[in-house]
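Here is the structure we will look at, set down as C-alpha cells.
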Amino acid sequence: MERLTIKELLALEPAGQSVEARGWVRTFRSKRFIAMSDGSTIHTIQAVVDFEKFDESVLRSVTTGAAVEVKGTLVPSQGAGQNVEIQVDEVVIHGTSSPDEYPLQPKKHSLEFLREKAHLRMRTNTFGAVFRVRHALSYAIHHYFHERGFFNIHSPIITGSDAEGAGEMFRVTTLDLENVPKTEDGTVDVAQDFFGKETKLTVSGQLEAELAALGLGKVYTFGPTFRAENSNTSRHLAEFWMIEPEVAFADLKDNMDLVEDFLQYLVRFALDHCADDLAFLARREADEDKAKPAAERQAMPLIDRLKFVSQNGFERLTYTEAIDILRNSKPFKKKKFKFPVEWGKDLQSEHERYLVEKHFEKPVILTDYPASFKAFYMRLNDDAKTVAAMDVLFPGVGEITGGSQREERLDVLQRRCKEMNIPEEHVWWYLETRKFGTCKHAGFGLGFERLVMFVTGMTNIRDVIPFPRAPLNCEF
Ligand code: 4AD
Ligand code: MG
Numbered sequence: 004m005e006r007l008t009i010k011e012l013l014a015l016e017p018a019g020q021s022v023e024a025r026g027w028v029r030t031f032r033s034k035r036f037i038a039m040s041d042g043s044t045i046h047t048i049q050a051v052v053d054f055e056k057f058d059e060s061v062l063r064s065v066t067t068g069a070a071v072e073v074k075g076t077l078v079p080s081q082g083a084g085q086n087v088e089i090q091v092d093e094v095v096i097h098g099t100s101s102p103d104e105y106p107l108q109p110k111k112h113s114l115e116f117l118r119e120k121a122h123l124r125m126r127t128n129t130f131g132a133v134f135r136v137r138h139a140l141s142y143a144i145h146h147y148f149h150e151r152g153f154f155n156i157h158s159p160i161i162t163g164s165d166a167e168g169a170g171e172m173f174r175v176t177t178l179d180l181e182n183v184p185k186t187e188d189g190t191v192d193v194a195q196d197f198f199g200k201e202t203k204l205t206v207s208g209q210l211e212a213e214l215a216a217l218g219l220g221k222v223y224t225f226g227p228t229f230r231a232e233n234s235n236t237s238r239h240l241a242e243f244w245m246i247e248p249e250v251a252f253a254d255l256k257d258n259m260d261l262v263e264d265f266l267q268y269l270v271r272f273a274l275d276h277c278a279d280d281l282a283f284l285a286r287r288e289a290d291e292d293k294a295k296p297a298a299e300r301q302a303m304p305l306i307d308r309l310k311f312v313s314q315n316g317f318e319r320l321t322y323t324e325a326i327d328i329l330r331n332s333k334p335f336k337k338k339k340f341k342f343p344v345e346w347g348k349d350l351q352s353e354h355e356r357y358l359v360e361k362h363f364e365k366p367v368i369l370t371d372y373p374a375s376f377k378a379f380y381m382r383l384n385d386d387a388k389t390v391a392a393m394d395v396l397f398p399g400v401g402e403i404t405g406g407s408q409r410e411e412r413l414d415v416l417q418r419r420c421k422e423m424n425i426p427e428e429h430v431w432w433y434l435e436t437r438k439f440g441t442c443k444h445a446g447f448g449l450g451f452e453r454l455v456m457f458v459t460g461m462t463n464i465r466d467v468i469p470f471p472r473a474p475l476n477c478e479f
C-alpha cells in the first residue's frame with residue numbers, strides 16, 4: 004500500500020478504501036476517537052475504534068504523545084469539521100508515552116513553557132504551523148532567485164575578516180584554552196592556531212557575495228550568520244539565517260525595486276501556499292490579542308496585514324526626511340521618545356516603529372543614511388556626508404532588511420577603510436575587485452527569522468527558529 008501522509012489522506016474521496024496512517028496521538032476520546040497528527044498539516048485525522056474489537060492492553064497505550072499506526076478503511080466522517088475518518092481494523096503502537104510524564108497535555112501551553120521543551124514543541128499546532136511556513140518561505144526564496152537567473156553562493160562560515168563591523172563576533176579556535184600559547188609580548192600566538200591566524204564565525208556573507216557577483220552577475224547567499232552581541236531582545240538571535248542577494252551593474256534604485264518585489268513575492272507565496280497554517284496562526288493571534296490591552300493589539304488581523312503588504316507599494320524616503328518627520332511628530336514634541344532624534348544619530352526601534360506603524364502605516368524603505376554610522380562598503384553620495392544605504396522597516400518587526408549600493412571606486416573605498424581603521428591587508432582581495440573591472444553593484448541582507456516573524460505573526464524571534472541561540476541559551 005502506498006504510504007500517504009495525513010494531509011494526503013484528508014484530501015481523498017472516502018470510498019471505503021484501505022488506508023494506513025502513522026503519527027502521534029493528540030487525544031483519545033470516549034475510548035473511541037483517536038485524533039492523530041503526523042506533521043504534514045495543521046489538521047488531525049480522526050481514527051475511530053470499536054473498543055470491543057480491540058485488546059484492552061493495546062488501547063491503553065493510545066495516549067497523548069504516543070506514536071501509533073492505524074490500518075482501516077476511509078469513510079465519510081460523521082463528525083463536523085472533517086470530510087473523512089478512518090474506521091480502524093488494526094492499531095500498532097510504535098512508541099508509548101506516559102500520560103503522567105508527557106509535557107504536552109492536550110491544552111494550551113505558554114510559548115515560554117514550550118521554549119523550555121523545544122525538543123518536543125514541533126508536535127504542537129503552533130510550532131507545526133510556524134515551521135511549515137518557515138520551510139515554504141525558504142523554498143520560495145530559492146525559487147524566486149532561480150527563476151530570475153541568480154546563482155546561490157555558499158559563502159564561508161569561518162572567516163578571517165571582521166571588516167563588516169556588523170557586530171561582535173564569536174572566536175573560532177582549536178587552541179587549548181587551559182594553556183594558550185603566547186608570543187613574547189604576551190599576546191595570544193595565533194600563528195599556532197588552526198588557520199595560523201585569528202578566525203571568527205561570520206556575521207555576513209556579503210563581502211564574498213560581492214566577489215561572486217562581480218563574476219557571476221547575480222548571486223545570493225542563504226546561510227547562518229553569528230553575532231555575539233549581548234542583546235537579549237525579542238528580535239535578536241546569536242545565530243540567525245540571512246539571505247544576501249548581490250547584483251552587478253545595479254544601483255540603489257534597482258536594489259529598492261528588487262527588495263520590494265522580493266518581499267512582496269514571499270508574502271504572497273505564503274498566502275497562496277500556507278493558507279491552513281496561516282488561518283490557524285491568525286486565529287491564534289486574535290485569541291492572544293483579546294487578553295492584551297488595546298494599545299498592544301494588532302491594528303490589522305494577520306491575513307489582512309499580509310495582503311496589505313503584498314499589494315501596496317512601500318514608502319520610500321531618505322533618512323534626512325525621516326528625521327524631519329520624527330522631529331515634527333507628537334511623541335517627539337511630547338518627549339515620549341526615549342532616544343534623541345538628531346541628524347547624524349542612528350534611528351532606534353521606537354523611531355522606526357513610529358514611522359511604519361503610526362505615520363505611514365505601511366512598510367518603509369529608508370535611504371541615504373549618514374556615512375558616520377554605516378559600514379565602509381556603502382557607496383558615498385555626492386554630498387560626501389551620506390551613503391547609498393537602504394533599510395526596509397516592517398510593522399511589528401522593525402528592520403527586516405539592510406543593504407546598499409556598494410562603493411565601487413577604489414580611491415574612495417581606500418579612504419573609507421582608513422577612516423574606519425580597517426587595515427588594507429585584511430581586505431586586499433575585496434579591494435582588488437575595485438582594481439580589476441570594477442562596476443557599480445548593490446545588494447541587501449534579509450534576516451530570515453524577521454521575515455518568518457512577520458508572516459506568522461509570532462512576536463518573539465525565538466519562536467520562529469527551531470533551536471534558538473541567545474545569550475546564556477544553547478540547550479538542544
Ligand atoms: O543590517 P545587517 O547587519 O546587514 C548586513 O549584515 C549586510 N551585510 C547585509 C547586506 O547588505 N548584504 O543585517 C541584515 C539583516 C537585518 O536587517 C535584520 O533583519 C537581520 O539581518 N539581523 C538579525 N536577525 C536576527 N538576529 C540578529 N542579531 C540580527 N542582526 C541582523
Ligand atoms: Mg542593519
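The numbering of the sequence shown is the numbering used here, which starts it at 4 and goes up by one.
Ideal placement from N, C-alpha and C gives every residue a C-beta, glycine not left out.
The structure displayed is predicted, hence computed values, not measured ones.
Segment limits, beta strand (DSSP E) that includes residue i
i: His444; result: His444 to Gly450
i: Arg32; result: Ser21 to Arg32
i: His97; result: Val87 to Gly98
i: Ile328; result: No beta strand (DSSP E) holds Ile328; the alpha helix (DSSP H) holding it covers Tyr322 to Arg330.
Distance, residue j Cα to residue i Cα
i: Cys442; j: Leu434; result: 12 Å
i: Lys339; j: Ile326; result: 15 Å
i: Arg25; j: Met39; result: 8 Å
i: Leu214; j: Thr436; result: 7 Å
i: Val400; j: Gln195; result: 43 Å
i: Gly406; j: Asn424; result: 21 Å
i: Gly485; j: Glu247; result: This structure gives no information on residue 485, because the portion of the chain shown stretches from 4 to 479.
i: Val78; j: Arg230; result: 53 Å
i: Leu281; j: Gly460; result: 9 Å
i: Asn476; j: Ala241; result: 9 Å
i: Arg409; j: Phe283; result: 42 Å
i: Ile160; j: Ala212; result: 13 Å
i: Glu288; j: His145; result: 29 Å
i: Arg547; j: Asp188; result: Since the first and last residues shown for the chain are 4 and 479, residue 547 lies out of range.
i: Arg238; j: Pro469; result: 15 Å
i: Thr462; j: Val133; result: 12 Å
i: Pro366; j: Gly75; result: 51 Å
i: Pro304; j: Asp466; result: 19 Å
i: Ser207; j: Arg6; result: 42 Å
i: Phe197; j: Leu219; result: 31 Å
i: Pro484; j: Arg271; result: What is shown of the chain runs 4 to 479, which leaves residue 484 out entirely.
i: Asp53; j: Val71; result: 16 Å
i: Met456; j: Ile464; result: 7 Å
Residue i burial status per 10 Å Cβ neighbour count (16 or more: buried)
i: Val94; result: buried
i: Ile9; result: buried
i: His97; result: exposed
i: Asp58; result: exposed
i: Thr236; result: exposed
i: Gly82; result: exposed
i: Asp394; result: buried
i: Arg135; result: buried
i: Phe183; result: As written in the sequence, residue 183 is Val, which differs from the Phe given in the question. Val183 should be labelled exposed.
i: Thr129; result: buried
i: Thr186; result: exposed
i: Met125; result: exposed
i: His444; result: buried
i: Asn315; result: exposed
Integer Cβ distance of residue i from residue j, believed to fall under 8 Å
i: Tyr223; j: Phe173; result: With a Cβ gap of about 24 Å, Tyr223 and Phe173 do not count as contacting.
i: Asp2; j: Tyr322; result: Nothing in the structure corresponds to residue 2, since the chain is present only between 4 and 479.
i: Gly226; j: His149; result: Actually they do not touch by this definition, with Cβ atoms about 17 Å apart.
i: Gly446; j: Glu263; result: With 8 Å as the limit, Gly446 and Glu263 do not qualify as a contact, their Cβ atoms being about 14 Å apart.
i: Asp279; j: His46; result: 7 Å
Limits of the unbroken alpha helix (DSSP H) element including residue i
i: Leu114; result: Leu114 to Glu119
i: Thr436; result: Trp431 to Lys438
i: Tyr142; result: Asn128 to Glu150
i: Val73; result: Where Val73 is concerned, there is no enclosing alpha helix (DSSP H), although the beta strand (DSSP E) it sits in stretches over Ala70 to Pro79.
i: Ile468; result: Segment: none, Ile468 is in no alpha helix (DSSP H) and carries neither H nor E.
i: Ser407; result: First-last for Ser407: Gly401 to Gln408, but that is the beta strand (DSSP E), not the alpha helix (DSSP H).
i: Met259; result: Leu255 to His276
i: Ser60; result: Glu59 to Arg63
i: Phe311; result: Leu305 to Gln314
i: Leu396; result: Here Leu396 belongs to no alpha helix (DSSP H); instead the beta strand (DSSP E) covers Thr389 to Phe397.
Residue i at chain B interface by Cβ criterion, 8 Å
i: Gly405; result: This model lacks chain B altogether; it includes just one protein chain.
Any non-hydrogen atom of the ligand GTP within 7 Å of residue i CB
i: Arg453; result: Absence of the ligand GTP is noted for the structure shown, with the ligand 4AD and the ligand MG being the only ligands found.
* Asked: Looking at C-beta atoms only, is the number of pairs between the segment 292-312 and the segment 414-433 that lie closer than 8 Å three or more?
  -> no
* Asked: Hey, is the segment 374-393 in contact with the segment 351-363, meaning 3+ C-beta pairs nearer than 8 Å?
  -> no
* To do: Indicate whether the contact test is met: 3 or more Cβ pairs, each with one atom in the segment 13-24 and one in the segment 84-93, closer than 8 Å.
  => yes
* Specify whether the segment 310-317 and the segment 328-337 touch according to this definition: at least 3 beta carbon pairs, one from each stretch, less than 8 Å apart. => no
* To do: Mind the definition here: the segment 335-352 touches the segment 362-376 only if three or more C-beta pairs lie below 8 Å; say whether that holds.
  => yes
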